[in-house]
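Novice:
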Amino acid sequence: MSPTLSDSDLLAYSGEHVAYEIWMFFSLARLLGDGQIKIMGHSDADAKLLNNALIEAFVLHLRNIIDFIYEDKRWETDIVAANYFPPGEWTRLRGDVNPVLEKAGKRANKEIAHLTTDRKAGSPPEKSWDFKGLANEIKPVLHLMVDKALPSRLSLGVAAALGTKKE
Numbered sequence: 005m006s007p008t009l010s011d012s013d014l015l016a017y018s019g020e021h022v023a024y025e026i027w028m029f030f031s032l033a034r035l036l037g038d039g040q041i042k043i044m045g046h047s048d049a050d051a052k053l054l055n056n057a058l059i060e061a062f063v064l065h066l067r068n069i070i071d072f073i074y075e076d077k078r079w080e081t082d083i084v085a086a087n088y089f090p091p092g093e094w095t096r097l098r099g100d101v102n103p104v105l106e107k108a109g110k111r112a113n114k115e116i117a118h119l120t121t122d123r124k125a126g127s128p129p130e131k132s133w134d135f136k137g138l139a140n141e142i143k144p145v146l147h148l149m150v151d152k153a154l155p156s157r158l159s160l161g162v163a164a165a166l167g168t169k170k171e
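Next comes the structure, spelled out in structure tokens:
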């Protein structure tokens with residue numbers, strides 16, 4: 005079980021770390037958009053490096069948010085969305101992970117977070133990421149979290165990072 009955190013600890017944590025993950029994810033989804041962004045570098049190799057770094061950052065933040073929303077604590081120090089609700093309420097509200105996000109999370113684990121034989125070689129179409137589509141898939145469950153979380157625990161900065169206002 006994780007260390008007991010006070011509401012004020014969770015409020016501060018969410019205002020810095022949860023808001024950052026959400027802000028980065030949606031900012032990168034917007035920047036990468038439909039995959040047609042043209043990154044310039046000092047050389048073609050530098051441009052490819054920068055493009056790959058942006059994609060990997062997007063996938064990393066996607067993975068972090070999926071784990072935050074749907075995973076139980078794996079490690080004692082993990083913070084998950086359930087921390088921002090009374091016991092059992094978040095699991096009931098959010099339901100099971102949808103198949104698109106489940107597949108994306110598994111893919112992120114195999115292609116970004118670990119060296120595996122499941123990495124795709126070359127540049128087949130299925131190697132690209134649907135930035136806007138994944139952002140649209142995850143947004144409703146994040147809105148639900150912002151709307152239903154205990155206000156004493158979840159910073160208004162999370163709603164701001166999501167692009168919503170919570171009174």
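Using this note's numbering, you'd call the opening residue of the sequence shown number 5 and step up by one each time.
For each residue, glycine too, the CB sits at the ideal point set by N, CA and C.
Hey, would you say Ala85 sits closer than 8 Å to Met28, going by beta carbons?
Specialist: Against the sequence shown, residue 85 aligns to sequence position 81. Against the sequence shown, residue 28 aligns to sequence position 24. No, Cβ-Cβ distance for Ala85 and Met28 is not below 8 Å.
Novice: What's the call for His65, buried or exposed, on a 16-neighbour Cβ count within 10 Å?
Specialist: For the purposes of this step, residue 65 is taken as residue 61 along the sequence shown, with counting starting at 1. So His65 ends up on the buried side.
Novice: Does the beta-carbon distance from Tyr88 to Leu14 come in below 8 Å?
Specialist: As a position in the sequence shown, residue 88 is number 84, starting the count at 1. As a position in the sequence shown, residue 14 is number 10, starting the count at 1. Their beta carbons are under 8 Å apart, which means Tyr88 touches Leu14 by this criterion.
Novice: Can you give me the start and stop residues for the alpha helix (DSSP H) that Thr95 sits inside?
Specialist: Along the sequence shown, read from residue 1 onward, the residue named residue 95 stands at position 91. Run containing Thr95: Glu93 to Arg98, per the alpha helix (DSSP H) assignment.
Novice: Please classify Trp27: does DSSP put it in a helix, a strand, or coil?
Specialist: Position 23 of the sequence shown, counting from 1, holds the residue named residue 27. Here DSSP, grouped into helix, strand and coil, assigns Trp27 to helix.
Novice: DSSP three-state label for Lys124, please.
Specialist: One-based indexing of the sequence shown puts residue 124 at position 120. Taken through DSSP and simplified to helix, strand or coil, Lys124 comes out as coil.
Novice: Hey, would you say Lys107 sits closer than 8 Å to Ala33, going by beta carbons?
Specialist: Translated into positions along the sequence shown, residue 107 becomes position 103. Translated into positions along the sequence shown, residue 33 becomes position 29. Against a cut-off of 8 Å, the Cβ pair of Ala33 and Lys107 comes out as no contact.
Novice: How would you label Glu20, buried or exposed, when you count the other beta carbons within 10 angstroms and need 16 or more for buried?
Specialist: Reading the sequence shown from its first residue, position 16 is the one you call residue 20. Burial call: exposed.
Novice: Which of the three DSSP states, helix, strand or coil, is assigned to Gly109?
Specialist: In the sequence shown, residue 109 corresponds to position 105, counting from 1. Helix, per DSSP.
Novice: Could you check what DSSP says for Ile83 in three-state terms: helix, strand or coil?
Specialist: The sequence position of residue 83 within the sequence shown is 79, counting from 1. Of the three classes helix, strand and coil, the one that applies to Ile83 here is coil, per DSSP.
Novice: With a CB to CB cut of under 6 Å and the five nearest residues on each side skipped, what residues in its chain are close to Arg98?
Specialist: For the purposes of this step, residue 98 is taken as the residue at position 94 of the sequence shown. Counting only Cβ-Cβ distances below 6 Å, and skipping sequence neighbours, we find Val145.
Novice: If Ser18 sits next to Val162, beta carbons under 8 Å apart, how far is it from one beta carbon to the other, in whole angstroms?
Specialist: Here residue 18 refers to the residue found at position 14 of the sequence shown. Here residue 162 refers to the residue found at position 158 of the sequence shown. Right, the Cβ-Cβ distance comes to about 5 Å (below 8 Å), so this counts as a contact.
Novice: For the alpha helix (DSSP H) containing Ile3, name the first residue and the last one.
Specialist: Because the chain spans 5 through 171 in this model, residue 3 falls outside it and cannot be assessed.
Novice: Any idea what DSSP makes of His118, helix, strand or coil?
Specialist: Residue numbering aside, residue 118 sits at position 114 when the sequence shown is read from its first letter. DSSP places His118 in coil when its eight states are reduced to three.
Novice: Pull up the distance between the alpha-carbon of Glu130 and that of Arg111, whole angstroms please.
Specialist: To locate residue 130, count along the sequence shown from 1; it is residue 126. To locate residue 111, count along the sequence shown from 1; it is residue 107. Take the alpha-carbon of Glu130 and the one of Arg111: they are about 11 Å apart.
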